[in-house]
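Colleague: Count the sequence shown with our numbering and you get residues 6 to 441, in order. All C-beta atoms, glycine included, are put in the ideal place defined by N, C-alpha and C.
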Amino acid sequence: MKDPTKPPPVDPERAVREAAIDRFIRGEKPAAICRAVQRSPAWFYRVLARYRQGGRAALASRSRAPHRVHNRTGPATTAAIVRLRQTIAGGQEAELRYADHGADALAAELSRAGVAPPSRATINRILHDQHLTQPRRPPRKRGKWPDDFPWPTPTAPNAQHLFDFVVRSIRGEGRCYGYNLLDAVRRWPFLQVAPAKTTEQVSRFLVRVWQELGLPGCLYFDNDPVWNGGGRGQRVLSTIVRLCLLVGIEVVFTPPDTPQANATMESFNDLWQSNFWSRTTFRDLAHVQAELPLFERYCQQRRVVPEAAGRTAAQIAPDFVPVRLAQDFDRHQQSDKLPITAGYGHFIRFVSSSGTFSILNEKWQLDQEPWAGKTIRAVIDTQQQQLFVYHQPKGSTTCQLVTQFDYPLGEAILPLAEAFQRSRPALWPPVAKTDC
6 MKDPTKPPPV DPERAVREAA IDRFIRGEKP AAICRAVQRS PAWFYRVLAR YRQGGRAALA
66 SRSRAPHRVH NRTGPATTAA IVRLRQTIAG GQEAELRYAD HGADALAAEL SRAGVAPPSR
126 ATINRILHDQ HLTQPRRPPR KRGKWPDDFP WPTPTAPNAQ HLFDFVVRSI RGEGRCYGYN
186 LLDAVRRWPF LQVAPAKTTE QVSRFLVRVW QELGLPGCLY FDNDPVWNGG GRGQRVLSTI
246 VRLCLLVGIE VVFTPPDTPQ ANATMESFND LWQSNFWSRT TFRDLAHVQA ELPLFERYCQ
306 QRRVVPEAAG RTAAQIAPDF VPVRLAQDFD RHQQSDKLPI TAGYGHFIRF VSSSGTFSIL
366 NEKWQLDQEP WAGKTIRAVI DTQQQQLFVY HQPKGSTTCQ LVTQFDYPLG EAILPLAEAF
426 QRSRPALWPP VAKTDC
């Protein structure tokens, strides 16, 4: 309701028109009027025509908006956008219960339903008008990162699998553990929730991944005790590492206490939290396990992958044929200890100010100058029983072999079985020949 005591808004252009008409009524000539108000004769005669047709009321400024908006979003499309957003929020439709609800996601769902989506700005405006927007999640704060960090650069599906655990609590049930695995190229997730985080359960999970999703070139993870063995002994390869080497998978350990070194996985964990865990009050572990496939399937088949030109995980490399582990593989279930197989274990480490770095509870010394403060990749070659140390300068197309150490493992090394021998795309630049 308008406030009658509030003065009307100032209209500067109307005041100029009024002044021109007042001068005309007083008998001034049009040329003099135009000079006084600094307007053209054409302008004056248009104003005069408006005055003669409608009086002083016609001197008010008129809207410049077009009388007809040719690209206006139709009511059917607007209703579809609102209905879709409300469906996701309500959680009644299983396939969309854990869906994204931003403009890109809604546009993708409209296209899937055969509705031509309007622009993202229009979708956002419609959501805003209907009070269906939510504050954006603040981005993770990322500190300065070393220029020489040796990021793996996978270029093909299954070249690299990323893994991380998420820990949550269920009221009355205690802790549960999310096993989150992601194909780094396709962003294809493979997920599980378990009551514990044991070597046996993780082994079973990985074997299932390899039987369904396929064998990766490498598995990339942090320094959790499940991966590094958890003991204090030196040069002890964990059961999980031995299992990976047995089937021809290289392992890559990120630096300790640096989740940002697995940034893609951390971003997915944020999605897991916001879209899955936060949307449902889970009664028990069975409830979580029943709902998780809905979120997993949405991320595989319907969610638009950021920076993938509007494609879903299923649409990235759709013709890719993985190399899968045989369904009758059961070596991980046998009671005897897994052997060490010929292969590679990579450890990305920050060199201390004194020139040292540590892997598997053992400290190694490099020359303090120039390696203090650098980031290196230490690689255990189990077949040669050598530890190679590489450095990749910023912007370099090669890496440098810094040094190598003897690395006896104290047990027989088995050759990689022919069934697991396969070509793998390189994840790091080649070693500079002058440094070999």
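Is Cys-181 near Ala-199, with beta carbons less than 8 angstroms apart?
Modeller: yes
Colleague: In the DSSP assignment, find the unbroken alpha helix (DSSP H) run with Phe-281 in it and report its ends.
Modeller: Note, Phe-281: premise wrong, no alpha helix (DSSP H); not H, not E.
Colleague: Looking only at DSSP bridge pairs, what is Ile-353 linked to?
Modeller: Looking at the DSSP assignment, Ile-353 forms a beta bridge with Arg-382.
Colleague: For Pro-375, which of helix, strand or coil comes out of DSSP?
Modeller: helix
Colleague: In this structure, how does DSSP classify Ala-85 when only helix, strand and coil are distinguished?
Modeller: helix
Colleague: Tell me the DSSP secondary structure of Asp-440 in three-state form.
Modeller: Because Asp-440 carries a pLDDT of 44, less than 50, the predicted location of this residue cannot be relied on, and no value is offered for it.
Colleague: Report the residue from Asp-372, Ile-175 and Ser-363 whose alpha carbon sits nearest the alpha carbon of Val-384.
Modeller: Ser-363
Colleague: In the structure shown, what three-state DSSP assignment does Arg-173 receive?
Modeller: strand
Colleague: Spatial neighbours of Phe-170 within its chain, please: CB distance less than 7 angstroms, with the 5 preceding and 5 following residues excluded, ordered by chain position.
Modeller: Tyr-182, Gly-183, Tyr-184, Lys-202 and Asp-229
Colleague: Give me the DSSP bridge partner(s) of Tyr-50.
Modeller: Answer is none; Tyr-50 lacks a bridge partner.
Colleague: Should the segment 205-216 be regarded as contacting the segment 322-339, the criterion being three or more beta carbon pairs within less than 8 angstroms?
Modeller: Yes, the segment 205-216 touches the segment 322-339.
Colleague: Starting from Ser-116, trace the alpha helix (DSSP H) in both directions and tell me its first and last residue.
Modeller: 108-117
Colleague: Mapping the DSSP letters down to three states, classify Ser-401 as helix, strand or coil.
Modeller: coil
Colleague: So does the segment 19-32 actually touch the segment 50-70, counting three or more Cβ pairs closer than 8 angstroms?
Modeller: yes
Colleague: Just verifying my parser: in three-state terms, what is the DSSP assignment at Asp-27?
Modeller: helix
Colleague: Out of Arg-237, Arg-192 and Gly-253, which one is the CA nearest neighbour of Ser-428?
Modeller: Answer by Cα proximity: Gly-253.
Colleague: Would you mind reading off the limits of the beta strand (DSSP E) that contains Trp-369?
Modeller: 367-370
Colleague: For Thr-346 versus Leu-419, is the C-beta spacing smaller than 8 angstroms?
Modeller: In this structure, the beta-carbon distance from Thr-346 to Leu-419 falls below 8 angstroms.
Colleague: Express the C-alpha separation of Gln-216 and Leu-137 in angstroms, rounding to a whole number.
Modeller: 42 angstroms
Colleague: Find out if the Cβ-Cβ distance for the pair Gln-165, Leu-406 is shorter than 8 angstroms.
Modeller: no
Colleague: Measure the Cβ-Cβ separation of Gln-306 and Ala-319 and say whether it is below 8 angstroms.
Modeller: yes
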